[in-house]
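So the structure is just underneath, and the comments pick up after that.
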Amino acid sequence: MIYLNGEYMPIAEAKIPVMDRGFLFGDGVYEVIPVYSRHPFRLPEHLRRLENSLAGIRISNPHTPAEWTALIGKIIANADSDDQQVYLQVTRGADSRRNHAFPEQVTPTVFIMSEPLAAPSAELCAQGVSAITAADYRWMRCDLKSVSLLANCLLRQLAVDAGCSETVLLRDGFLSEGSSSNIFVVKQGVLLAPQKNHLMLPGVTYDVVLELAAAHGLEYAVRDVLEEEVRQADELWLSSSTREVQPIVTLDGRAIGAGKPGPLFAAMYGWYQEFKRSVMRGH
Ligand code: PDD
3 MIYLNGEYMP IAEAKIPVMD RGFLFGDGVY EVIPVYSRHP FRLPEHLRRL ENSLAGIRIS
63 NPHTPAEWTA LIGKIIANAD SDDQQVYLQV TRGADSRRNH AFPEQVTPTV FIMSEPLAAP
123 SAELCAQGVS AITAADYRWM RCDLKSVSLL ANCLLRQLAV DAGCSETVLL RDGFLSEGSS
183 SNIFVVKQGV LLAPQKNHLM LPGVTYDVVL ELAAAHGLEY AVRDVLEEEV RQADELWLSS
243 STREVQPIVT LDGRAIGAGK PGPLFAAMYG WYQEFKRSVM RGH
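The sequence shown maps to residues 3 to 285 in our numbering.
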């Protein structure tokens, strides 16, 4: 069952008009919220980021946080799995004609669905993943979670074509993020995270990683990270709501550190799994 504009229905029955600006222009924003044991993780934080994305593209939020919570709660309750990823999308809505400028009167399209969430396996985290780098040619508002993901899709496909799982994006000699994840560097025992700005998405999982580092006394610094620091990292990690934290062990075909997950990743992986068990599942 999905939610579309005030109604719950089977996904096969959900239809949107071809004149929807989300379809014509990618004119909309979205969120992906991980759900553990039917508890949405950091829902207020996701709803705040949604509010910020909506404000950034000048759509007024169609729902209050309480309304969103109720709508999402019903989707979660009716889904098959206990662990889920809730996807929600708001577009500016459908116009009567195609025009780049906003219509004067338009009702946003609101869509919510849930899909099963499979955590990355322990084997994958023990083995690590491969990544490539690419120039970050996206726009200058990467802080907005826009559905205009063409650049992200093209950049991710480069990784897939190379048999890798993520593309690490570099802009003007600095690390921005991954095609659909945030990226961390470990150098000489210090965790380095690029600072949140208009060139990256402020990840909810990124916050969790830094909180866990702080809670367990892992030294970290939030600052601009140089391309050179990425290439010469002792460890490289990616994070996202659906991929948790994963170690990148090769970059552009060259080993990162020893070419296997490092000791700080092993620590972070343990902290993350413990946090998931004791907090995210709502215990
Ligand atoms: N993507 N950066 C980008 C470009 C992303 O698309 C994502 C997440 C992140 C990580 O954010 P968070 O930790 O809040 O999930 C960073 C989602 C999962 C997606 O598009 O499916």
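Even for Gly, the Cβ is constructed at its ideal location relative to N, Cα and C.
V211 places its beta carbon less than 8 Å from that of S241.
Collapsing the DSSP output to three states places G191 in coil.
A straight-line Cα-Cα distance of about 16 Å links I59 and L26. By the Cβ rule, the region 34-51 counts as touching the region 235-250, because three or more pairs are nearer than 8 Å. Assigned with DSSP and collapsed to three states, G95 falls in coil, not helix or strand.
Boundaries of the beta strand (DSSP E) harbouring P36: G30 to Y38, taken from the DSSP string. Per the Cβ contact rule, the region 120-140 is not in contact with the region 92-111 (fewer than 3 Cβ pairs under 8 Å).
E125 and I250 do not touch by the CB rule: their CB atoms are close to 16 Å apart, not below 8 Å. In this structure, V92 sits away from P42, with a CB-CB distance that is not shorter than 8 Å. Sorting R233, P19, N80 and V206 by C-alpha distance to the C-alpha of T109 places P19 at the top.
Per the coordinates, the alpha-carbon of E237 lies some 7 Å from the alpha-carbon of K189. In terms of Cα proximity to E47, the closest of S62, P64 and W70 is W70.
Here the alpha carbons of E15 and G95 stand approximately 19 Å from one another.
A heavy atom of ligand 1 is found nearer than 7 Å to the CB of T207. Per the DSSP secondary-structure output, S148 pairs in a beta bridge with V31. Judged by beta-carbon spacing, V162 lies beyond the 8 Å limit of L253, meaning their Cβ atoms are not closer than that value. For F267, the enclosing alpha helix (DSSP H) starts and ends at P265 to F277. In the structure shown, N184 adopts extended strand secondary structure according to DSSP, grouped into three states. With distances taken between CA atoms, R44 lies nearest to P67 out of P67, N63, R23 and I61. Looking at N7, V112 and S39, the one whose alpha-carbon comes closest to that of V281 is S39. Short note on V34: C-beta closer than 7 Å to some heavy atom of ligand 1. Cβ contact annotation for P122 (same chain, cutoff 7 Å, sequence separation greater than five): R245, E246 and Q248, in chain order. Classified as exposed, L152 has fewer than 16 neighbouring CB atoms from the shown chains inside 10 Å of its CB. Between the C-alpha atoms of M3 and R233 there is a straight-line separation of about 45 Å.
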